[in-house]
Amino acid sequence: FFPPRQRSALSSKDTEESLTIPISKEVYEILTRRESCLCDLTEKKFGCMSLLKSIRCPLEVYRKSLKEGIEISVWMNDMTRHNADALVNAANEHLDHIGGLALALVKVGGPEIKQESKCYIDRHGPLTTGQIAVTGGGRLSCKKVIHTVGPRWSANESERCCHMLETAIINVLKYVNAPENNIKSVAIPAVSSGIFGFPLDLCAHVIVRTIKNFVELAPLFDWFKEIHLVNVAEPTVAAVKKACEELLGRSDINSLQETPPASAKCLPDSITINGLCLHIIRGHIEDQQTAVIVNSVVMNDDLSRGNLSRAILEKAGLSLQKEFLFELQKLPPYCEKFILTKGYNLACKSVLHIVWSSQSSSDSRKGLKTAMSRCLLKIQEYQLPSISFPAIGTGVLNLPNDEVADIMIDEVLSFAKEHPWKKTDVYFVINPNDSYAFKVKHLRLAPFSTSHGKLLSWWPSHQRDGQAEIENKKIGPAIELIGNCYEKLEAAKIWIEDIMQVQESHLIVIENNHIFNLSKREHAELSHLQRFGVSILEKVVGGKARLEIQGPPGAIIDAVFVIENLLCYVQENNRTKQEELPQSEGFKLCDSCRSSMPRSDLHTQCLSCLGETHVRERCKICRSSKPQTKKERDFRVHALLMETMLAPALAPRMDSAPGPLAGTAPRPRSRGRLSGAETKIGVRPDPNWAAHDPPWDPGLQLMFSRAAQSCPRVPPLW
1 FFPPRQRSAL SSKDTEESLT IPISKEVYEI LTRRESCLCD LTEKKFGCMS
51 LLKSIRCPLE VYRKSLKEGI EISVWMNDMT RHNADALVNA ANEHLDHIGG
101 LALALVKVGG PEIKQESKCY IDRHGPLTTG QIAVTGGGRL SCKKVIHTVG
151 PRWSANESER CCHMLETAII NVLKYVNAPE NNIKSVAIPA VSSGIFGFPL
201 DLCAHVIVRT IKNFVELAPL FDWFKEIHLV NVAEPTVAAV KKACEELLGR
251 SDINSLQETP PASAKCLPDS ITINGLCLHI IRGHIEDQQT AVIVNSVVMN
301 DDLSRGNLSR AILEKAGLSL QKEFLFELQK LPPYCEKFIL TKGYNLACKS
351 VLHIVWSSQS SSDSRKGLKT AMSRCLLKIQ EYQLPSISFP AIGTGVLNLP
401 NDEVADIMID EVLSFAKEHP WKKTDVYFVI NPNDSYAFKV KHLRLAPFST
451 SHGKLLSWWP SHQRDGQAEI ENKKIGPAIE LIGNCYEKLE AAKIWIEDIM
501 QVQESHLIVI ENNHIFNLSK REHAELSHLQ RFGVSILEKV VGGKARLEIQ
551 GPPGAIIDAV FVIENLLCYV QENNRTKQEE LPQSEGFKLC DSCRSSMPRS
601 DLHTQCLSCL GETHVRERCK ICRSSKPQTK KERDFRVHAL LMETMLAPAL
651 APRMDSAPGP LAGTAPRPRS RGRLSGAETK IGVRPDPNWA AHDPPWDPGL
701 QLMFSRAAQS CPRVPPLW
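In structure tokens:
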């Protein structure tokens, strides 16, 4: 992914290593929404970078040659991975990069982009609408990122908004056309069509018209050759392609229009009735850029339950749940509720949450009809131009796919008949992984189809599926690891492969002795992870601490990322405390043992705390007659240090019982550390995953097995 120029900047070393880990389509879909967390953890734990390679090749859907050899093309692709000399970012006035495309570019491009943006604002002040600022590409595969501020849409000032959008695009084209900037290609998104609310069709029309006028009227230089109009959402790609065909003519490559690659997703099919346009597309509801998207809420007080609701919450942020709960309190219980909140970090303006009632489950068909009707009336009430529906009803209401399709289409067509000439775009967004998710019959919709398109049977023929499968095997989703140490990359690969296997086993084990150092606060955070719907069991066996996590794959991965971040924090915190330990007099290790001691685990002052007596009596670490591996020597050094230094401090915390034969278990220490050979901690999980847990009382509790009665007075550390 990274060109050599960016990769060489990662370290002072001249050489770099990389590893590619093939992953399944299901794992790819799970990790896509957690890519930033995965990248942060691999950097913290292993000092390397991780990149998700998409299962889908960039899809070019339109190409046209203009004046002086300039080519304009329309692409369905992730902007963060698109190949061009310059990428255009839809930014705000302060270059905060806190949402939408801006946030995605910063996450992949790294802190360099954010730092350069801050320096620009410090020097020049905030940008005005239409202005641009240019930074480096960071870890992106581009030379420059051009940040442009598009207008915030206002229906009362539509002409001004269109003019300001033209200005923004012209400033971008002026920069890339300047010969001193050496830009051959530029990728431009649908600026302002997301968070800033610019109507999608109008936005696409203004951008294409501005490019056409610039190419025809401005003096062009030989270096600049390509303009890519790049968007990841299918509705946006369709709108831009349509604008190009209207303003520039048909594509020069007919095959792009007639036979898209088998690995690519089909562009949306649509019908128009009385001004209402119904589209059926494949994609993820949380990525849609319509005015409002619909969310199906499984539990009244928790948006993190249910795959659909959780995906929306993860991308939007916790502010969405806070507003949802605040609005929920205003409504009466035991009835179906419709709550409209802001979109926050989503590309849409608003989210319409359907909170199902018990009556909805008792009469599922009626409940779905009512929900569809109420949602469509909401967009009329708030004068919203577009709305996106997921395939609601197949999960919560447990309705067959065919019935859900018929009911949803019936309600939309009825709304179009009852409200003629009301211009509205309605999207049915189907998750690409739901095989048989939606079946739409030709005959059912034939009377309403237009000459330009008709709703097709949702899944293509078996022959096309086979071709797509072959293409996917060639491309393959994968994780690429990049770093300077091959051993660390191998360790990161093993860690990621352990995470990948949860798709089948629904279980993962974290073995990390920093668990010994978890305080009450960290243990409380472990107990809160039950909100992810997982079961967590904490064990100490043979002096090694481990966490066993069970639950649904997505929830397990969420919990693993939280726990690993927590352990990284504890490790760093302990290292800081150890560096503050006072120097002790006396003991010293022999030279060979000192050389084997890992400097990163304990402060180097601790290495001189065993004194001359230790040297005279012969080093305790060296007493073993048989050869020792480095791992065994490290363990002996750790054990001796802990026994000598920490036993006096820890002993008063233990139970004052006469000894291990007295039949009393040690008392839990105040910080929540673990004692004994097989100590277990039960964390209350979701009831569905708690069958194997021992009995417990509310809150986090320590439960000691009989083996703990004979445990040594000093807990095993490291």
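Its first residue numbered 1, the sequence shown is counted upward by one per residue in the UniProt record's numbering.
Yeah, the Cβ is synthetic: ideal placement off N, Cα and C, and Gly gets one too.
As the structure is a prediction and not an experimental result, all values here were calculated from the model.
{"query": "At the level of alpha carbons, what is the spacing between V541 and Y28?", "result": "34 angstroms"}
{"query": "Here's the rule: buried if 16 or more other CB atoms are within 10 angstroms of the residue's CB, otherwise exposed. What is N398?", "result": "exposed"}
{"query": "Which residues bound the beta strand (DSSP E) around S185?", "result": "S185 to I188"}
{"query": "Looking only at its own chain, which residues have a Cβ that is under 6 angstroms from the Cβ of L308, when we skip the five neighbours before and after it?", "result": "S296 and P390"}
{"query": "Tell me where the beta strand (DSSP E) around C277 begins and ends.", "result": "L276 to R282"}
{"query": "Apart from the five residues just before and just after H228, which ones in its own chain have a Cβ nearer than 6 angstroms to its Cβ?", "result": "S73, W75, A84 and A187"}
{"query": "Could you name the residues of the same chain whose beta carbon sits closer than 6 angstroms to that of R546, not counting the 5 residues immediately before and after it, in chain order?", "result": "V509, E511 and K539"}
{"query": "Using a beta-carbon distance below 8 angstroms, is R123 in contact with chain C?", "result": "Here there is only one protein chain, and chain C is not present."}
{"query": "Using 10 angstroms around the beta-carbon of Q329, count the other beta-carbons present and answer buried if the total reaches 16, otherwise exposed.", "result": "exposed"}
{"query": "DSSP on K423, reduced to helix/strand/coil?", "result": "coil"}
{"query": "On the DSSP letters alone, give me the boundaries of the alpha helix (DSSP H) that G109 sits inside.", "result": "G100 to G109"}
{"query": "Tell me, which residues are paired with P22 by DSSP?", "result": "A478"}
{"query": "Give the straight-line distance between the Cα atoms of F198 and Q380, rounded to the nearest whole angstrom.", "result": "18 angstroms"}
{"query": "Report the option in N231, V215 and P219 whose CA atom is closest to the CA atom of C203.", "result": "N231"}
{"query": "Kindly confirm or deny that the stretch 514-533 and the stretch 484-499 touch, where touching means at least three C-beta pairs closer than 8 angstroms.", "result": "no"}
{"query": "Who pairs with F389 in a beta bridge, going by DSSP?", "result": "F428"}
{"query": "Identify the residues that DSSP records as bridge partners of L59: which are they?", "result": "M76"}
{"query": "Is L200 buried or exposed, if buried means 16 or more other CB atoms sit within 10 Å of its CB?", "result": "buried"}
{"query": "When you compare only the Cα positions, how much space is there between K45 and G483?", "result": "12 angstroms"}
{"query": "Going by C-alpha to C-alpha distance, which of N345, A347, K322 and Q503 sits closest to I339?", "result": "K322"}
{"query": "The alpha helix (DSSP H) spanning G136 covers which residue range?", "result": "First-last for G136: I132 to G136, but that is the beta strand (DSSP E), not the alpha helix (DSSP H)."}
{"query": "Which residue from E327, G275, D40 and T20 puts its Cα closest to that of residue 733?", "result": "Given a span of 1 to 718 for the chain in the structure shown, any question on residue 733 remains unanswerable."}
{"query": "For E60, which option in T128, L66, D252 and D363 has the closest C-alpha, if you only look at C-alpha atoms?", "result": "D252"}
{"query": "Is C39 buried or exposed, if buried means 16 or more other CB atoms sit within 10 Å of its CB?", "result": "buried"}
{"query": "Can you find the residues in the same chain that come closer than 7 angstroms, C-beta to C-beta, to K544, ignoring five residues on each side of it along the sequence?", "result": "E511 and N513"}
{"query": "Under 8 angstroms by Cβ, that's how I've got S386 and A291 pegged, so tell me the actual separation to the nearest angstrom.", "result": "5 angstroms"}
{"query": "What does the alpha-carbon distance come out to for the pair Q578 and E572?", "result": "10 angstroms"}
{"query": "Is it buried or exposed for H279, if we count other Cβ within 10 angstroms and need 16 for buried?", "result": "buried"}
{"query": "Between which residues of its own chain and L247 is the CB-CB distance below 7 angstroms, once the five residues before and five after are set aside?", "result": "V208, R209 and K212"}
{"query": "Label L318 either buried or exposed according to how many other C-beta atoms from any shown protein chain fall within 10 Å of its C-beta, with 16 as the threshold for buried.", "result": "exposed"}
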